[in-house]
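The sequence shown begins at 5 in the working numbering and counts up one residue at a time.
For glycine and all other residues, C-beta sits at the position ideal for the given N, C-alpha and C.
Computed from a predicted model, the values in this text were never measured in an experiment.
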Amino acid sequence: MGSEGRIVVSNSGPLIHLARIYRLNLLKELFGKVAIPVDVKIEVVDRGKEEGAADAFLIENEIRDGWIAIEEIDTSDRVKEIAKSVGIEIGETAAIMLARRKNCPILLDDLAARRFATGLGLEVAGSIGVLIRSAKIRKLSKIEALDALERLARVMWLSVDVYEDARKTIEGL
5 MGSEGRIVVS NSGPLIHLAR IYRLNLLKEL FGKVAIPVDV KIEVVDRGKE
55 EGAADAFLIE NEIRDGWIAI EEIDTSDRVK EIAKSVGIEI GETAAIMLAR
105 RKNCPILLDD LAARRFATGL GLEVAGSIGV LIRSAKIRKL SKIEALDALE
155 RLARVMWLSV DVYEDARKTI EGL
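In structure tokens, the structure reads:
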């Protein structure tokens, strides 16, 4: 991912996963500002609060602080058609469209959404990439990054290969 202080668009996955391991602050430290479409806010905050998910309240606090900004994006029938044809969620599609409109990187954890965004020429990273980047620029020590990776593996599905590659990358920094 590019230089610090640059805005990034996020889908719900990285927000939820990083909040659940108490590392949401890394997004602020790496990018300064995170933009999310309304659909993502509804998914992570509104539905999360209905389910009593602690991460929903953490994310809502950061929205209130202003560094996570909610932005309108037209989720018309066209967005729904794209989502259905590509096999990704409407929130992911809206986030990808917002990143294209803003010409900025996007945070996605879902593989199909990542492939679609990459195919559109977007710079893509996910929760693991945030940890690696944070370790690389010393926002986290190697030990902190490895601990965060271990906790991340408990809150999201990671294949053994992805986990091991990330672990080796962090250890090699």
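Per-residue burial, residue i [other beta carbons within 10 Å of its own, 16 or more giving buried]
{"i": "T97", "result": "buried"}
{"i": "D43", "result": "buried"}
{"i": "L111", "result": "buried"}
{"i": "I174", "result": "buried"}
{"i": "V164", "result": "exposed"}
{"i": "A80", "result": "A small fix is needed here, since residue 80 is Ser in this sequence, not Ala. Label assigned to S80: exposed."}
{"i": "D113", "result": "buried"}
Cutoff 7 Å; reference residue i; Cβ partners in own chain excluding five residues on either side
{"i": "F120", "result": "V90, I92, I100"}
{"i": "V48", "result": "S16, L19, I20, A60, I63"}
DSSP three-state assignment for residue i, whether helix, strand or coil
{"i": "L153", "result": "helix"}
{"i": "S14", "result": "strand"}
{"i": "L126", "result": "coil"}
{"i": "I174", "result": "helix"}
{"i": "L112", "result": "coil"}
Cα-Cα separation between residue i and residue j, rounded to whole angstroms
{"i": "A103", "j": "G176", "result": "31 Å"}
{"i": "G52", "j": "A58", "result": "8 Å"}
{"i": "L30", "j": "I86", "result": "31 Å"}
{"i": "L115", "j": "L135", "result": "18 Å"}
{"i": "A23", "j": "R82", "result": "31 Å"}
Other residues of its chain near residue i: CB distance less than 6 Å, five sequence neighbours each side excluded
{"i": "M5", "result": "Here M5 scores only 49 on pLDDT, less than 50, and its place in the model should not be relied on; the value that follows carries that caveat. Closer than 6 Å at the Cβ level, and outside the excluded window around M5, lie P109, A129, R137."}
{"i": "A157", "result": "Y167"}
Residue span of the alpha helix (DSSP H) that contains residue i, given as start and end
{"i": "E96", "result": "94 to 106"}
{"i": "E66", "result": "58 to 69"}
{"i": "E85", "result": "81 to 90"}
Opening and closing residue of the beta strand (DSSP E) in which residue i lies
{"i": "I40", "result": "38 to 41"}
{"i": "I141", "result": "Here I141 belongs to no beta strand (DSSP E), and DSSP marks it neither H nor E."}
Cβ shell of residue i (< 8 Å), same chain only, five flanking positions each side left out
{"i": "L124", "result": "I100, R104"}
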